Amino acid sequence: MREKLELLVRENRLVLAIVMPIVGAVLLVASEEMILPAWLSFNPYIVLMGTALMRLPLIVAIMPLINRRNGVLLLLLTVYVYIIEFIGINHGWPYGNFQYLVELGPMVSGIPMALPLFFIPLVLNGYLLTLLIVKKSRLDRKIIIPMAIVLVILIDLVLDPAAVSLGFWSYGEGGEFYGVPHTNYQGWLISGGIAVLVVNSMFDRKKLLARIDQCEFGLDDMVSFVLLWGLVNTFYGNWIPSAIVGILIVGLWWVDRIDIASIVNKNN
Numbered sequence: 463m464r465e466k467l468e469l470l471v472r473e474n475r476l477v478l479a480i481v482m483p484i485v486g487a488v489l490l491v492a493s494e495e496m497i498l499p500a501w502l503s504f505n506p507y508i509v510l511m512g513t514a515l516m517r518l519p520l521i522v523a524i525m526p527l528i529n530r531r532n533g534v535l536l537l538l539l540t541v542y543v544y545i546i547e548f549i550g551i552n553h554g555w556p557y558g559n560f561q562y563l564v565e566l567g568p569m570v571s572g573i574p575m576a577l578p579l580f581f582i583p584l585v586l587n588g589y590l591l592t593l594l595i596v597k598k599s600r601l602d603r604k605i606i607i608p609m610a611i612v613l614v615i616l617i618d619l620v621l622d623p624a625a626v627s628l629g630f631w632s633y634g635e636g637g638e639f640y641g642v643p644h645t646n647y648q649g650w651l652i653s654g655g656i657a658v659l660v661v662n663s664m665f666d667r668k669k670l671l672a673r674i675d676q677c678e679f680g681l682d683d684m685v686s687f688v689l690l691w692g693l694v695n696t697f698y699g700n701w702i703p704s705a706i707v708g709i710l711i712v713g714l715w716w717v718d719r720i721d722i723a724s725i726v727n728k729n730n
């Protein structure tokens, strides 16, 4: 089963990492600009299915490392994600007052049921990129956790302005950073920091690095992320988030996780 999934991902890297985020960005912008018919505009099931498919390379990469212990930690992280979002929606902490304006799949009490699918991979991507950078540059391993937290916040500096531009969610009093208040990033320092600590506790670093070395597609989810949200930010003139996308692309390229020729050749 694992081998079949790995083969499926390898043979479809171009679709998952390049084509889908481009199509996704076009559909999202067209939805916000009211170009699409109502049934297709921000269709929650298309959003959910597209996200799940783009997450597939990451899921397949780490799946063999999931055991009872880290499975329990993953479950606890999932519960934590729901709780912190519930508090945020209802009490304005730690992100500031905000609400979802678009259904991102089935919603319960104003919160997407698929929230862990949206949030946890962002943390995993930041953590994995940190491990690869630290390994290649031979930096002190003590910086892994703080560096991963910084990368997770950089990821949200890309995500949130684009999401606000699309009308995915909004902050009650707006914000100074493309409609996003500084309290949101203070919140991500807390929620993202805790999530990074949990992820760091979940895996043996040597085994995780060995697995990611085996899976050239292990960070394709992050490639699709920077492509999709980079296009959206650029369309709406969010230039600082677009510049941060450039920084993330350089990081991915430096650790050999952006190889367009390899991705394209796998599909020929």
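Counting from 463, one number per residue, gives the positions in the sequence shown under the working numbering. By construction, the Cβ of each residue, glycine as well, lies at the ideal position given by its N, Cα and C atoms. For clarity, every value in this text was computed on a predicted model and none was experimentally measured.
Residue i - containing alpha helix (DSSP H), residue span
i, result
"Y542", "R530 to H553"
"W650", "H644 to M664"
"S704", "W701 to W716"
"D682", "D682 to F697"
"R464", "R464 to E473"
"L527", "Where L527 is concerned, there is no enclosing alpha helix (DSSP H), given that its DSSP letter is neither H nor E."
"P483", "M482 to E494"
Terminal residues of the beta strand (DSSP E) in which residue i lies
i, result
"W501", "Unbroken run through W501: none, as it is neither H nor E."
"Y633", "W631 to Y633"
"Y562", "F560 to Y562"
One or two residues paired with residue i in a DSSP bridge
i, result
"Q676", "Per DSSP, none; premise fails for Q676."
"F639", "V642"
"M569", "P574"
Residue i to residue j span [Cα, whole Å]
i, j, result
"L693", "E638", "21 Å"
"L690", "I497", "19 Å"
"V543", "W650", "12 Å"
"K668", "P556", "34 Å"
"D721", "F679", "10 Å"
"A514", "L579", "7 Å"
"E473", "N552", "44 Å"
"F548", "W631", "14 Å"
"E494", "G713", "31 Å"
"A523", "I546", "27 Å"
"Y633", "V564", "13 Å"
"A479", "V488", "15 Å"
"T696", "R530", "42 Å"
"L671", "L593", "7 Å"
"I711", "L591", "11 Å"
"F643", "G486", "For the record, residue 643 in the displayed sequence is Pro; it is not Phe. Between P643 and G486, the C-alpha separation is close to 26 Å."
"L520", "V661", "14 Å"
"I652", "G588", "15 Å"
"R603", "S503", "45 Å"
Within-8 Å CB hit, residue i to chain C
i, result
"V477", "The structure shown has no chain C; it contains just one protein chain."
Closer than 7 Å: residue i CB and nearest the ligand GTP heavy atom
i, result
"P643", "As for the ligand GTP, it is missing from this structure, which has no ligand bound."
Worksheet item: Is the segment 694 to 707 close to the segment 619 to 633, with three or more CB pairs under 8 Å?
Response: yes
Discussion item. With a threshold of 8 Å, are at least 3 pairs of Cβ atoms found where one atom belongs to the segment 569 to 582 and the other to the segment 603 to 618?
Written reply: no
Item to complete: Check whether the segment 533 to 549 touches the segment 592 to 608, taking contact to mean three or more Cβ pairs, one atom from each stretch, closer than 8 Å.
Response: no
Discussion item. Runs of 3 residues minimum, wholly inside the segment 599 to 623: which ones carry the beta strand (DSSP E) assignment?
Written reply: none
Discussion item. Does the structure place the segment 520 to 539 close enough to the segment 580 to 593 that three or more beta carbon pairs sit under 8 Å?
Written reply: yes
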